[in-house]
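Heads up: the sequence shown runs through residues -17 to -1, 1 to 277, numbered per mature numbering (1 follows the signal peptide of the UniProt record, and there is no 0).
In this text, a Cβ means the ideal position worked out from N, Cα and C, and glycines have one as well.
For clarity, every value in this text was computed on a predicted model and none was experimentally measured.
Before any comments, here is the structure.
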Amino acid sequence: MLAGLLLGAACVSLVLPGSPGRAYPGRKKAPSFAADRHRVGPHVCLSGFGSGCCPGGKPSPASGQCTLPLCSFGCGSGWCIAPNVCSCRDGEQGITCPDPPSACGEYGCDLACNHGGCQEVARVCPLGFSMAETANGVSCTDIDECLSASCEGLCVNTEGGFVCECGPGMRLSADRHSCQDTDECLATPCQHRCKNSIGSYRCFCRPGYHLHSNQHSCLDVNECRRPSERRPCQPPCHNTPGSFLCTCHPGYRLSGDRVSCEGFLKTIPAPSPILQSLQHPPTLLLLPPDSGLC
């Protein structure tokens, strides 16, 4: 049955004024259909089920007649000159024409963000940039992420992104947003004592020393050079590293407070009898034998 329908159909070509003729294989219909063929134009297939354009042809939008060639794959920037034959802008012919490399749709190719390269609209601007249409095409503007970024320290806007930075004595955490205190005392920056604080530290000196102007090292305090009303020793004073030493004049001794002197009497011990006998030997008196004093 299908074979009968196919055999019962015929594709013919009629020559219209000003139009080239084209013939297609098949049986010609009876002459009684000539008026209908002329009415619908050339390249018409007629069968018992109606009529339509032959393969490779399409109806004209203006007249509805099958006068236009059909290129099934499209011709892009070229023109369809025959069934599935395109005439391209470069002078070549084929079943289709490639798009020119500068075709960027409605946005053109004057793009500030990618130096004139053409991309899809969704990919014109890189991450961190916003796209705006201008008279020259599309421009990409850097987005200031610091307006909404959650940096605990300082937010620095960069091209296409942002960076969080921390102040002195702080370091950036692993989350790249928050800051952590750095214990500077671990590096022993102070000569004597170090006290850590949030974002900083402070040096201290032991008693008898004062902090140098560099805020790190310690210098000995010469207590003996203080004004007389603040001098620790009443008698002569001798400075020592981190301290001092008081001494007393002859006839005085250092009191219990170790800074003042007190007088004292020298005690001369009495000589012993033996020492006295040595110092004053006995006197011997010689008498004549007849003196009677024996």
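Look at alanine 132 here: in three-state DSSP terms it is coil, with no helix or strand label. For glycine 246, the uninterrupted beta strand (DSSP E) segment begins and ends at 244 to 246. With fewer than 16 other Cβ atoms from the protein chains shown falling within 10 Å of its own Cβ, glutamate 212 counts as exposed. Around the C-beta of phenylalanine 247, fewer than 16 other C-beta atoms lie within 10 Å, and the residue is accordingly described as exposed. Contact between the segment 203 to 210 and the segment 230 to 248 is absent, with fewer than three C-beta pairs closer than 8 Å.
According to the DSSP secondary-structure assignment, proline 52 is paired through a beta bridge with Gly40. For the pair glutamate 75 and glycine 47, the Cα-to-Cα distance works out to about 30 Å. At least 9 Å separates the beta-carbon of glycine 182 from that of glycine 225. Contact check for leucine 51 and glycine 61: beta-carbon distance about 15 Å, past the 8 Å limit, so the pair fails to qualify. Within the segment 148 to 224, the complete beta strand (DSSP E) runs of at least 3 residues fall at 153 to 155, 162 to 164, 176 to 180, 183 to 187, 192 to 194, 201 to 203 and 220 to 223. Phenylalanine 187 is classed as exposed because its beta carbon has fewer than 16 other beta carbons within 10 Å across all chains shown.
Your pair arginine 185 and lysine 178 checks out as a contact, with CB atoms roughly 5 Å apart and the cut at 8 Å.
Taking the Cα of glycine 152 as reference, the smallest distance to any Cα among Glu142, Arg159, Gln163 and Asp158 is reached at Gln163. DSSP places serine 60 outside both helix and strand once states are collapsed to three, so it counts as coil. Cβ neighbours of glycine 59 within its own chain (closer than 7 Å, five residues either side excluded): Thr79, Cys80, Pro81 and Asp82. If you look at glycine 120, you'll find it in the beta strand (DSSP E) that goes 120 to 125. Look at threonine 117 here: in three-state DSSP terms it is strand. Taking C-alpha positions only, histidine 175 is separated from histidine 193 by approximately 10 Å.
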